[in-house]
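Report on the structure given below.
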Amino acid sequence: MKLEKNKVDQRNGSGSIKMVPEHQDDIYVLSSVIDAGDMVTSATTRKIQIDGKTQQRMMLTLKIKIETINVDLESCTIYLKGRTVVINEYVKLGSYHTIDITLGQSFELEKEEWPAMSIKLLKEATRPQPETAFIVFYERECVVSIVTRSKISIVLKQETKNRKFANIIKALEKYVGKVNLFVVASMFEIRNDFNKAVQASKELKEASGSFCVVKVPPECRGCSNSKVINTILTDKDLSKTFQGIQYIDDLREIDDFFVRFAKGSELVCIGMEDIREAMNYGALKRLMVTDEKMKPVDVEERRKMEMFCKEVQAMNCKISVIPIAHFSGERLKDMGGVCAVLKFNYR
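With the UniProt record's numbering, letter number 192 in the sequence shown gets 192, and the count goes up by one each step, no holes.
Below, the structure written as structure tokens:
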């Protein structure tokens, strides 16, 4: 979420906030923030009759008092219907109109009194996702990926047979100042050669302190790029390197679950039915849910999931949200998307 202008009076809580939703999660946050009776101002297109004869589609700015709110998370759109409250040359005062709020659209939301929770939700939505660049050298190529909680984006694949790094360094230049950490990884000595090239590079001089070199374990030979990245992120010896990044802590928790599960531990359970049963005995220690299951596109289903998580937290059980963009998240998705570690065996 991008907040463009905050005109809320700190004394009485009235006023407006101008903002732009940028992700599906922002649309969901807005579904919790926007209420009937609020006023929204936004640019919209309307067919306008000119000279009582011809119709022309025009861009107008309308302000309506909201009466009904409909949310479609799949299309990332909120439909706000209400009556216009400001005179417009082409639209009658008090006439019904629907304003569609979509990703990338700037709009202004006005309330008579802003609840503290609504302000908090909007501020939390503005926090940027931490980004990490992975420069992984395989036997014949280098793959550069930008990794966040929600995705692994490959930005470059480069053959490395001649050990020429100019194109790789050039690709990394645009991420200086945007990326928290650059991880250079390989099973081979080329990782150190590349790091020397980085330290000698004028273009990357500013970010040279943000580079770290990691040796990829031999068991990753032949693994996919996402599997290699997952192995690095969840390596306990590198916990200080990725300190403070919540989704990486969550990935470590699910990897610990998979180890327990593979050993046939009695202190694990899979699926909502077994988890509900474990809750009845107060046996839950940690719940792990994929971000996809945690945030379904149906608004009512998402609210049910939130209520369930509140029940779980009320029992002092920790919750880890596992991103399916990452290898471990894919594995959990294949198992149904939800699992738990138990305090004790209640069966």
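The beta carbon of each residue, even a glycine, is placed where N, CA and C say it ideally should be.
Model, not experiment: these values are computed from the prediction.
Residue range 39–50 is occupied by the beta strand (DSSP E) that includes MET39. Taking 8 Å as the cut-off, the Cβ atoms of LEU204 and VAL213 do not count as close. PHE137 counts as buried, since no fewer than 16 other beta carbons sit within 10 angstroms of its beta carbon. The secondary-structure analysis by DSSP pairs GLU110 across a beta bridge with SER16 and MET39.
Rounded to whole angstroms, the gap between the alpha carbons of MET315 and GLN24 is 30 Å. Straight across, the Cα-Cα distance linking VAL297 with GLU112 is about 30 Å. If you look at ALA133, you'll find it in the beta strand (DSSP E) that goes 132–137. In the DSSP assignment, LEU181 falls within the unbroken beta strand (DSSP E) covering 181–186.
Counting along the chain, no alpha helix (DSSP H) covers VAL297, and no H or E run does either. Here ILE50 is not near LEU80, since their CB atoms are 8 Å or more apart. Excluding its 5 nearest sequence neighbours in each direction, LEU233 has C-beta neighbours in its own chain below 6 Å: ILE248 and LEU251, listed in chain order. In the pairwise beta carbon analysis, the stretch 61–68 is classified as touching the stretch 37–49: at least three pairs are separated by under 8 Å.
Just measuring C-alpha positions, the residue of PHE261, ASP334, GLU253 and TYR28 sitting nearest ILE319 is GLU253. With fewer than 16 other beta carbons inside 10 angstroms of its own, SER239 counts as exposed. Here ILE146 really is in contact with GLU131; their C-beta atoms are around 6 Å apart, less than 8 Å.
The continuous stretches of beta strand (DSSP E) do not include ASN316, and DSSP gives it neither H nor E.
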